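Okay, so here's the structure we're looking at.
Shown next, in the form of structure tokens:
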């Protein structure tokens, strides 16, 4: 079991229950899933590029990514319906907590000139999304992966009903926000 999950159960849940004024433990916000998406962009026709991006995402997350096909054809982008335009991984349970722990303890400190992540990525329902251009911060990334230049889009889905509760949850989990939503 992930250390972060044990920390969440033993320390974060009672603190959030007290801070948010909740009556029941089941009302405390929790992370439901983490989605990591990589768009392939202009290189959709290169099968070798797709394999490299898929392998990178599999090494980073520990799960096999699922290909994301295009839903519509767009002639200006030379894209046809059904072409693979990205890959995505949805993590839940212990893999999710392992990934979040690695993200907060290993990856964020390895990013050059890192000053925290913006709290403006909340969607109004407590879910948080942001993009990471520095794939080399992950220890699993090789120098060949850095040349791919593919940014990651990471979404942390919570069951919080408001941004403030979601921010408090993610701060308690170790997310280094550089600004705040809490007034």
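Residue numbers (our numbering): 305 to 487. Glycine is no exception: its CB is placed at the ideal position from the N, C-alpha and C atoms. All values reported here derive from a predicted model rather than from experimental measurement.
7 Å Cβ shell around residue i - same chain, five flanking residues per side excluded
i           : result
residue 313 : none
residue 411 : 441 and 442
residue 343 : 389 and 390
Where residue i sits in the DSSP three-state scheme
i           : result
residue 372 : strand
residue 463 : coil
residue 412 : helix
residue 456 : strand
residue 397 : helix
residue 392 : strand
residue 309 : helix
residue 403 : helix
residue 435 : strand
Alpha-carbon spacing of residue i relative to residue j, whole angstroms
i           : j           : result
residue 409 : residue 388 : 33 Å
residue 394 : residue 457 : 12 Å
residue 444 : residue 366 : 10 Å
residue 333 : residue 309 : 13 Å
residue 356 : residue 446 : 11 Å
residue 371 : residue 336 : 22 Å
residue 478 : residue 427 : 20 Å
residue 470 : residue 416 : 26 Å
residue 368 : residue 360 : 10 Å
residue 463 : residue 363 : 28 Å
residue 480 : residue 413 : 10 Å
residue 353 : residue 453 : 11 Å
Closest Cα partner of residue i within the set the options
i           : options               : result
residue 397 : 433, 460, 436 and 421 : 460
residue 338 : 432, 353, 418 and 325 : 432
residue 317 : 307, 306 and 331      : 331
residue 482 : 392, 474, 467 and 420 : 420
Proximal residues to residue i (C-beta, below 8 Å), its chain only, five neighbours per side dropped
i           : result
residue 472 : 320, 323, 324, 333 and 486
- Query: At what residue ranges does the region 311–353 contain a whole run of the alpha helix (DSSP H), taking only runs of 4 or more?
  - Reply: 317–324
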